[in-house]
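Number of protein chains: 2
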Amino acid sequence: MIKLNKISKVYRTDEIESTALNEVSLEIGKGEFVSIMGPSGCGKSTLLNVLGMLDKPERVGVQSAGGSYKFLDSEVADLNEKGRSDVRKKNIGFIFQNFNLIDELTVFESIELPLLYNKIGLSECKQRVNELIEKIGISHRASHYPQQLSGGQQQRVAVARALITKPPLILADEPTGNLDSSHGNEVMELLCQLNEEGTTIIMVTHSSHDASYSDRIINLLDGQIVSEKKSKMA
Amino acid sequence: MIKLNKISKVYRTDEIESTALNEVSLEIGKGEFVSIMGPSGCGKSTLLNVLGMLDKPERVGVQSAGGSYKFLDSEVADLNEKGRSDVRKKNIGFIFQNFNLIDELTVFESIELPLLYNKIGLSECKQRVNELIEKIGISHRASHYPQQLSGGQQQRVAVARALITKPPLILADEPTGNLDSSHGNEVMELLCQLNEEGTTIIMVTHSSHDASYSDRIINLLDGQIVSEKKSKMA
Ligand SMILES: Nc1ncnc2c1ncn2[C@@H]1O[C@H](COP(=O)(O)OP(=O)(O)OP(=O)(O)O)[C@@H](O)[C@H]1O
Ligand SMILES: Nc1ncnc2c1ncn2[C@@H]1O[C@H](COP(=O)(O)OP(=O)(O)OP(=O)(O)O)[C@@H](O)[C@H]1O
Ligand SMILES: [Mg+2]
Ligand SMILES: [Mg+2]
């Protein structure tokens with residue numbers, strides 16, 4: 000499903016050039032559940048942003064990183080903004096590390112939005128959103144706005160919004176960082192269930208407990224993959 | 000140091016009235032290190048905001064909650080915005096669950112700001128900020144802005160900003176939620192060290208590992224304290 004070959008990402012600020020990803024190569028098959036772990040600042044969110052086509056891989060001053068990113072067998076590293084956005088809307092659900100909820104939308108509206116983009120009929124929308132809101136335990140907050148929610152409630156809305164269209168690929172950046180263990184496990188169970196139904200999942204996590212729900216763990220350090228191991232608890 | 004008596008907080012949105020804190024009473028002595036735990040949405044951040052005087056305790060439609068909040072032996076529940084802000088700037092360092100970093104300030108400037116408010120001389124400021132930036136491992140990012148930092152780097156800046164003036168009270172809302180275990184332990188060690196020097200610390204956490212660094216654990220559920228226990232690992 001995903002084939003990265005020597006992908007790099009270099010950020011430049013006025014004085015400092017920092018290499019967030021350094022020729023990363025990696026393959027992920029359809030239906031896999033992979034965890035990405037590593038110390039703070041080592042490049043995990045950057046890798047997820049490149050995988051999710053929110054960011055183009057590049058070296059400073061070089062048009063393309065010379066690397067390649069094949070998504071579902073087509074080259075996407077050089078797509079423009081519109082091209083990447085089209086592939087993304089159809090195929091990828093993204094759970095952001097800082098949630099990225101829209102302040103002007105209620106919990107219900109935020110979760111419904113991806114279904115509207117996919118032209119799902121209104122009554123089916125309503126039913127699917129209500130079922131998912133129930134599953135993650137925030138039905139009592141469905142008409143609240145993000146600023147009226149607790150940190151963990153915002154995180155659960157971000158999770159629901161990424162899952163609602165059952166996209167073929169889910170990218171999750173620390174999906175349980177603000178949750179107590181019981182709500183955290185509910186989110187992990189939801190991801191496992193989708194994975195059993197065929198969804199490919201790539202999850203960045205600091206928690207080895209959460210990583211144990213996945214099949215494979217990739218370790219990153221200073222923008223490079225340093226090791227990999229199998230992980231299924233089952 | 001802190002004496003809360005029957006403090007309540009009720010939020011009202013158009014259709015729903017939610018009681019985030021329901022007559023909470025609690026005492027915290029100078030130099031204590033207390034953890035507050037409980038499920039997502041049970042009122043932990045709200046309690047910390049009331050303790051930090053970022054929010055006034057109140058019942059809907061009632062001017063004061065009828066409860067009382069004595070901070071360093073003086074009643075603060077009915078202070079106005081200016082009164083609370085004065086007490087806060089002199090006495091409290093706050094680590095926010097969502098960091099609340101100022102976009103227009105670099106890492107260095109964000110951490111230096113509380114020292115400037117306290118009229119510390121410029122060369123002493125520079126030295127103290129550089130030492131702390133070194134301790135939490137982000138000297139290589141000192142001139143970056145928040146949007147150029149990873150999630151865990153932003154969290155460490157939020158931690159440093161709360162500690163730099165060595166305030167008598169530190170309120171920490173999930174200070175390690177975005178950190179790997181090694182950086183998370185560095186933050187906990189820093190907090191322990193300040194506590195040994197006399198700082199009072201109240202920390203909201205989902206991690207029983209982090210809570211084990213504190214002396215006492217208070218459990219919240221649906222806006223009420225349901226249990227308490229001793230905790231020192233030592
Ligand atoms: N501004 C607000 N308006 C309405 N309701 C609010 C507001 N802020 C918080 N709440 C509600 O108050 C309750 C307690 O929120 P709080 O942020 O204290 O929870 P928490 O224990 O910190 O949760 P978490 O572990 O998820 O961070 C939540 O159910 C939340 O929806
Ligand atoms: N827009 C940017 N400009 C400059 N540097 C950046 C930018 N975004 C990220 N970086 C740097 O790239 C490095 C990798 O960041 P990234 O967010 O991928 O880390 P991470 O592994 O997700 O960390 P964490 O676990 O703390 O979330 C960091 O050192 C960060 O400072
Ligand atoms: Mg990250
Ligand atoms: Mg909270």
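These protein sequence lines are chains A and B, in that order. Position 31, counted from 1, in the first sequence is what numbering that gives the first Met the number 0 calls 30; the numbers after and before it change by one each time, with no gaps. Position 3, counted from 1, in the second sequence is what numbering that gives the first Met the number 0 calls 2; the numbers after and before it change by one each time, with no gaps. Heads up, the beta-carbon is just placed ideally off N, CA and C, and yes, glycines get one too.
- Quick one: what's got a C-beta closer than 6 Å to V186(B)'s C-beta in the same chain, skipping five residues either side? V158, P174, T175
- Item | Residues near G151(A) in its chain [Cβ-Cβ closer than 8 Å; skip 5 each side] | N177, L178, D179, H182
- Query: Cα-Cα, which of K228(B), V225(B), M202(B), G197(B) is closest to Q30(B)?
  - Reply: The displayed chain sequence assigns Gly, not Gln, to residue 30(B). When each option's Cα is compared against that of G30(B), the closest is G197(B).
- Query: Grouping DSSP H, G and I as helix and E and B as strand, with all else coil, what is G92(B)?
  - Reply: strand
- Run down chain A in chain order and give the residues with a C-beta less than 9 Å from the C-beta of T12(B). S142, H143, Y144, Q147
- Could you check where the alpha helix (DSSP H) with D209(A) kicks off and where it finishes? 207 to 210
- Item | Minimum Cβ-Cβ distance from K43(B) to chain A less than 9 Å | yes
- Of the listed residues A76(B), S109(B), L121(B), M52(B), nearest to K89(B) (C-alpha basis): M52(B)
- Roughly how many whole angstroms lie between the Cα atoms of S39(B) and N117(A)? 31 Å
- Task: Can you tell me the Cβ-Cβ gap for G66(B) and P56(B), rounded? I've got them flagged as a contact below 8 Å.
- Result: 6 Å
- Query: Quick one: is the Cβ of L46(A) within less than 8 Å of any heavy atom of ligand 2?
  - Reply: yes
- Might you give, ordered along the chain, the residues of its own chain that have their beta carbon closer than 7 Å to the beta carbon of I91(B), omitting 5 neighbours on each side? G51, P166, L168, L170
- Is DSSP giving A233(B) helix, strand or coil here? Low confidence applies to A233(B): its pLDDT is 42, below 50, so where it sits in the model is not reliable enough to give any reading.
- Inter-residue CB distance, S223(A) and N21(A) (contact presumed, cutoff 8 Å): Reading off the sequence shown, one finds Gln at residue 223(A), where the question assumed Ser. About 5 Å; that satisfies the 8 Å criterion.
- Helix, strand or coil for K134(A) per DSSP? helix
- Item | Contact set between the segment 90 to 117 of chain A and chain B, restricted to residues whose Cβ is under 9 Å from the partner | Q96, N97, F98
- Item | Extent of the continuous alpha helix (DSSP H) to which I110(B) belongs | 106 to 116
- For D72(A), which three-state DSSP category applies? coil
- Reference Q192(B); option with closest CA among K134(B), S7(B), I35(B), T45(B): K134(B)
- Reference I1(B); option with closest CA among V203(B), T199(B), E227(B): T199(B)
- Candidates D221(A), K69(A), S213(A), L219(A): which alpha carbon is nearest K229(A)'s? S213(A)
- Do L81(A) and V75(A) have their C-beta atoms closer together than 9 Å? According to the sequence as given, residue 81(A) is Lys; it is not Leu. No, the pair does not count as a contact, with Cβ atoms beyond the cut-off.
- Message: What I want to know is whether the C-beta of P99(B) ends up closer than 8 Å to one or more non-hydrogen atoms of ligand 1.
- Response: In the sequence on display, residue 99(B) carries Asn and not Pro. No, Cβ of N99(B) sits at least 8 Å from all heavy atoms of ligand 1.
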